[in-house]
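Contents: one structure, followed by commentary.
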Amino acid sequence: TGGTTTIHLHAPVSASNLLLGMGFAVIGGLIAGAVGGWRAARLRPARALADIG
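My numbering numbers the first residue of the sequence shown as -19 and each following residue consecutively.
As structure tokens, then:
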């Protein structure tokens, strides 16, 4: 009891892995935005405003 444990972690991140992750994030954001925009564009304006409140 009262002792400390030191754990050394080594997780190198290469530039290619960083770029790959950022690319997936951008593509995912574009897809999510396109789907949301497509769904919003299909709504009738009066119906969309009525649903808000």
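Glycine included, C-beta positions come from ideal geometry on N, C-alpha and C.
In this text the structure is predicted, and so the values were computed from the model without any measurement.
Measuring CB to CB, does residue i end up less than 9 angstroms from residue j?
i   : j   : result
A12 : A20 : no
Please report the straight-line C-alpha distance between residue i and residue j, rounded to a whole angstrom.
i     : j      : result
I7    : T(-16) : 44 angstroms
S(-6) : G9     : 23 angstroms
L(-9) : N(-3)  : It is Ala, not Leu, that sits at residue -9 in the sequence shown. About 12 angstroms.
A5    : H(-12) : 29 angstroms
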